[in-house]
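For what it's worth, the working numbering labels the leading residue of the sequence shown as 4, then goes sequentially. Report on the following structure.
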Amino acid sequence: MDSDLLMERQKMKRKLVLWRLFAVCLFVLSIMAGSAKLITKRLGNHDAHLVKLKIEGVIGNDVSKQVTLINTALKDKSVKGMILYVNSPGGAVTGGEQLHDALVKFSKTKPVVVSMGGVAASAGYMISVPAKRIFAFNSTLTGSIGVIMESPDFSGLLEKVGISFDQLVSGPLKGQPSMVKPLSPAGQKMLQGLIGNFYDQFTNMVAEGRHMDIARVKELGDGRPYSGQQAVRLGLVDQIGNEEDAKQWMIKTYHLPTDIEVVTLKKDKSENWFGLGGKSIMNFSLKTIANQIFYRENENFGGILAIWHP
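Here is the structure:
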């Protein structure tokens, strides 16, 4: 009868609505579960794992993002250690010091193992010494323990083209060094004292991190680079090997699961051109560009460097 058919249709329609509601709820719940998993992963509250931090290229003064990554990993209870990959010729002493100190703090609680790339010299070596073990390739260039300050003098060139500069200073050492005046004997002595102080700080870091006598560190730390093979013989590096070797050493030494995950720590990308901090070169005067090239006096570099260059 028509009434029975109508009731049957209404019953089927109600069932269809219920199934649709069920499907929508299931879809929403799956999205919520996926989002929760993603948020949990971003917050670092996932299973036990290792973290990997890459330090590549020239080290600038501003390493705050890398330091934040290190400190965040230190607070994360699921992080069981760090693989530090270093492929850097060094850079600013201040940046190297900040990274070194952050890694020292990390290594007091959780182990750090270093895997060196093609070059890990000067400040690149400085940040490696807090590690429990350092791995390098036979061909890795490392060491180059020392600091450098470059002071260009254009006064001779300016004199030839008839340009002179007058400098008014509050004291005889205030204008030292200067690109337009020769470095005075007193200025040279003052700057050499700074270099010596920074060098002492560097060698003390190496002596403490590598458990070496300070006299031996200074004997090796005359500025020369060493191959990975030489560095192993001298005690500056522990073992020849790659990143996988470093990971396996960490697993074996600290009794970690063989299938433990390695999560790479990443910072926001901001490409710099010659240390200009992402700014257009058209916004800089000739004097500023000269400072970038010779003094590295900008937000990324300081006047005194711990860097190896051929």
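Note that the Cβ used here is the ideal one computed from N, Cα and C, for glycine as well. Source: prediction; values computed, not measured.
{"query": "So arginine 136 is in the beta strand (DSSP E); what residue range does that whole segment cover?", "result": "136-139"}
{"query": "Which partner residues does glutamate 59 have in the DSSP bridge list?", "result": "Asn90"}
{"query": "Grouping DSSP H, G and I as helix and E and B as strand, with all else coil, what is leucine 53?", "result": "strand"}
{"query": "Please tell me whether isoleucine 130 and leucine 106 are closer than 8 Å, where the distance is taken between their beta carbons.", "result": "yes"}
{"query": "Quick check: the stretch 210-227 against the stretch 244-261, are there 3 or more CB pairs under 8 Å?", "result": "no"}
{"query": "Counting only the same chain and skipping the five closest in sequence on each side, list residues whose C-beta sits under 6 Å from that of lysine 55.", "result": "Ile86, Val265, Thr267"}
{"query": "Measure the alpha-carbon distance for glycine 127 versus isoleucine 34 and round it to whole angstroms.", "result": "44 Å"}
{"query": "Taking just the CA atoms, how far does arginine 236 sit from alanine 134?", "result": "18 Å"}
{"query": "Roughly how many angstroms lie between the CA atoms of glycine 190 and leucine 176, to the nearest whole one?", "result": "6 Å"}
{"query": "Ends of the beta strand (DSSP E) at leucine 1?", "result": "A query on residue 1 cannot be resolved here, the shown segment of the chain reaching from 4 to 313 and no further."}
{"query": "Going by DSSP, what residue range makes up the alpha helix (DSSP H) through valine 164?", "result": "Counting along the chain, valine 164 falls outside any alpha helix (DSSP H), and DSSP gives it neither H nor E."}
{"query": "Between which residues of its own chain and asparagine 286 is the CB-CB distance below 8 Å, once the five residues before and five after are set aside?", "result": "Residue confidence is low: asparagine 286 scores 34 on pLDDT, short of 50, so the model does not pin down where it sits. No coordinate-derived value is stated."}
{"query": "What is the rounded straight-line gap between the Cα of serine 158 and the Cα of methionine 182?", "result": "7 Å"}
{"query": "Give me the Cβ distance between valine 122 and serine 154, rounded to the nearest whole Å; I'm assuming they're in contact under 8 Å.", "result": "Contact flag wrong, Cβ pair sits at about 25 Å."}
{"query": "What is the rounded straight-line gap between the Cα of proline 114 and the Cα of lysine 255?", "result": "12 Å"}
{"query": "Taking the alpha-carbon of lysine 250 as reference, which of Leu24, His52, Glu11, Phe30 has the nearest alpha-carbon?", "result": "His52"}
{"query": "Go to glycine 190, then tell me how far its alpha helix (DSSP H) extends in each direction, as first and last residue.", "result": "188-213"}
{"query": "Report the rounded CA-to-CA distance for serine 167 versus asparagine 207, giving the unit in angstroms.", "result": "44 Å"}
{"query": "So who's on the other strand from glutamate 264, going by DSSP bridges?", "result": "His52"}
{"query": "Which of the three DSSP states is assigned to serine 110 in this structure?", "result": "helix"}
{"query": "Between serine 142 and glycine 93, which are expected to be in contact by the criterion C-beta below 8 Å, what is the C-beta distance as a whole number of angstroms?", "result": "In fact, because the Cβ distance is near 18 Å, the residues do not count as touching under 8 Å."}
{"query": "Among all the DSSP beta bridges, which residues are the ones paired with leucine 239?", "result": "Partner(s): none; leucine 239 has no beta bridge."}
{"query": "Tell me the rounded alpha-carbon separation between phenylalanine 25 and lysine 14.", "result": "17 Å"}
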